[in-house]
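Peer 1:
Numbering (our numbering), first residue to last: 260 to 359.
1) Kindly list the residues whose CB is nearer than 8 Å to the CB of residue 315, restricted to its own chain and excluding five residues on each side of it in sequence; keep chain order.
2) Using three-state DSSP, classify residue 348 as helix, strand or coil.
3) How would you write the range of the alpha helix (DSSP H) that residue 263 sits in, first residue to last?
4) Kindly list the residues whose CB is nearer than 7 Å to the CB of residue 299, restricted to its own chain and excluding five residues on each side of it in sequence; keep chain order.
5) Drop a sphere of 10 angstroms on the beta-carbon of residue 295, count the other beta-carbons inside from all chains shown, and report buried for 16 or more, exposed for fewer.
6) Residue ranges of each beta strand (DSSP E) run of no fewer than 3 residues wholly in the stretch 290-337, ordered along the chain?
7) Return the chain-ordered list of same chain residues with a C-beta closer than 8 Å to the C-beta of residue 343, the five sequence neighbours on each side being excluded.
8) Using only the alpha-carbon positions, how far apart do residue 274 and residue 282 sit?
9) Smallest Cα separation from residue 293: which of 280, 327 and 302?
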């Protein structure tokens with residue numbers, strides 16, 4: 260997602276959560292801080308979830324294991340074709356986007 264859209268979503272969520280108690284005070288009275296806190300927690304949790312799921316093909320812990328899935332397909336295809344399985348994979352030479 261472009262940075263400008265992400266920034267707009269963040270600021271809109273903050274503004275909504277900042278102004279929400281003023282809109283709720285007439286309807287829920289003394290429970291307004293609790294309701295506003297639950298809504299804010301939900302909004303910011305969904306925002307963090309969206310940030311985490313934004314790039315599913317990266318190298319972090321929550322990304323899809325594309326290399327492992329491709330390896331399984333490669334081994335299954337070599338078995339089906341009757342050829343020797345490919346050699347084991349080497350660990351990546353760059354972790355955390357730092358070349359070593």
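Using N, Cα and C, we set each Cβ at its ideal position, and we do this for glycine too.
Treat the numbers as computed from the prediction; the structure is a model and nothing was measured.
Peer 2: Let me spell this out:
1) Cβ neighbours of residue 315 within its own chain (closer than 8 Å, five residues either side excluded): 322 and 323.
2) Coil, per DSSP.
3) 262-287 is the extent of the alpha helix (DSSP H) around residue 263.
4) Around residue 299: 276.
5) Residue 295 counts as buried, since no fewer than 16 other beta carbons sit within 10 angstroms of its beta carbon.
6) Counting only unbroken stretches of 3 or more residues, no beta strand (DSSP E) element lies wholly within the stretch 290-337.
7) The beta carbon of residue 343 is closer than 8 Å to those of 337 in its chain, skipping five residues each way along the sequence.
8) Taken atom to atom, the span from the alpha-carbon of residue 274 to that of residue 282 is near 13 Å.
9) Answer by Cα proximity: 280.
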